[in-house]
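In full-length UniProt numbering, the protein residues as written are 1 to 291.
Idealized CB from N, CA, C, for every residue including glycine.
Input: a single structure, listed below in structure tokens.
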């Protein structure tokens, strides 16, 4: 099939792009790398009268350190993130999640902001942003605002972004000290969307006690989720006393809306989820303890 007819707009600034969105309202849709939207347009799952292309806006691209955080422009490609030494050093969880996304040609075009705004529950970046308590920055003709990742993802392919807003960048806190990070997922085929996946971050003090941790889940609900109960159970304990398998069970026991489809039943996804959480926790804690 072919997309329905639309008018194509290619703004060169954020101000120009938000003006177009304000002018056309619900009839307009932004496109970044287009790796998710273009197939949906081609199949006419999505139909819009106006397409606003953000791909030629320089201010939406880049990586820079800002005090205790790292800012990544929403238009920064996944390939750029994958090969960035700055990201590998400051936001290891983001760097390690990136090679798991689809295939190289897709990462060459796909963007950080595109993945987050698309909000696929089985995607890696939303779970990373959620686990790290990232701040997502948005702009409209009404001004700019910062949205915590914990409030950004609201449901299946839906976010806190208003129809007239553009995601401009993401600020990731930089963890320091004795830290470890891991991303684990299970897919039917390499680079498919994950049946279940987990991100884990662990920080230890000098006595090997867990002082901070974060576990993000993807593929296990209508939106990415935090395993808050499992995190709370680990904090304050010596890392050698925390059982990875129990962390996996705690992370998945109370999940209520785990999908069931051709790739697996809800119960199957929960079992796989518990296993990938345990694996991610084990890797992250070993890295924190031993470097």
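So the candidates are the options; which of them puts its Cα closest to the Cα of residue i?
{"i": "residue 89", "options": "212, 181, 163 and 211", "result": "181"}
{"i": "residue 257", "options": "233, 147 and 224", "result": "224"}
{"i": "residue 213", "options": "227, 206 and 77", "result": "227"}
{"i": "residue 153", "options": "47, 120 and 142", "result": "120"}
{"i": "residue 151", "options": "141, 142, 139 and 133", "result": "133"}
{"i": "residue 247", "options": "230, 236 and 239", "result": "230"}
{"i": "residue 68", "options": "263, 176, 243 and 191", "result": "176"}
{"i": "residue 105", "options": "54, 191 and 24", "result": "191"}
{"i": "residue 203", "options": "84, 11, 282 and 107", "result": "282"}
{"i": "residue 135", "options": "163, 174 and 157", "result": "174"}
{"i": "residue 178", "options": "51, 21 and 289", "result": "289"}
{"i": "residue 22", "options": "65, 143 and 193", "result": "143"}
{"i": "residue 269", "options": "249, 81, 285 and 79", "result": "249"}
{"i": "residue 5", "options": "235, 49 and 170", "result": "49"}
Have a look at the DSSP bridge pairing and note the partners of residue i.
{"i": "residue 28", "result": "50"}
{"i": "residue 185", "result": "197"}
{"i": "residue 214", "result": "201"}
{"i": "residue 69", "result": "66 and 173"}
{"i": "residue 7", "result": "50"}
{"i": "residue 264", "result": "261"}
According to DSSP, is residue i part of a helix, a strand, or is it coil?
{"i": "residue 225", "result": "strand"}
{"i": "residue 190", "result": "coil"}
{"i": "residue 146", "result": "strand"}
{"i": "residue 43", "result": "coil"}
{"i": "residue 209", "result": "strand"}
{"i": "residue 257", "result": "coil"}
Note down, in chain order, each residue of its chain lying with its Cβ closer than 7 Å to the Cβ of residue i, except the 5 sequence neighbours on either side.
{"i": "residue 128", "result": "93, 94, 97, 199 and 216"}
{"i": "residue 123", "result": "115 and 218"}
{"i": "residue 279", "result": "184"}
{"i": "residue 62", "result": "73 and 76"}
{"i": "residue 155", "result": "222 and 223"}
Please work out which residues of its chain come closer than 6 Å, Cβ to Cβ, to residue i, disregarding the five sequence neighbours upstream and downstream, and give them in chain order.
{"i": "residue 209", "result": "238"}
{"i": "residue 35", "result": "106, 109 and 110"}
{"i": "residue 31", "result": "37, 51 and 53"}
{"i": "residue 86", "result": "63"}
{"i": "residue 8", "result": "51"}
For the alpha helix (DSSP H) that residue i lies in, which residues bound it at each end?
{"i": "residue 297", "result": "Summary: the structure shown does not reach residue 297, with the chain confined to residues 1 through 291, and so no result is reported for it."}
{"i": "residue 104", "result": "104 to 109"}
{"i": "residue 80", "result": "78 to 82"}
Near residue i, what residues of its chain come up, given a Cβ to Cβ distance below 8 Å and the 5 sequence neighbours on each side ignored?
{"i": "residue 14", "result": "57, 59, 60, 139, 166 and 168"}
Name the two residues that bound the continuous beta strand (DSSP E) containing residue i.
{"i": "residue 139", "result": "135 to 140"}
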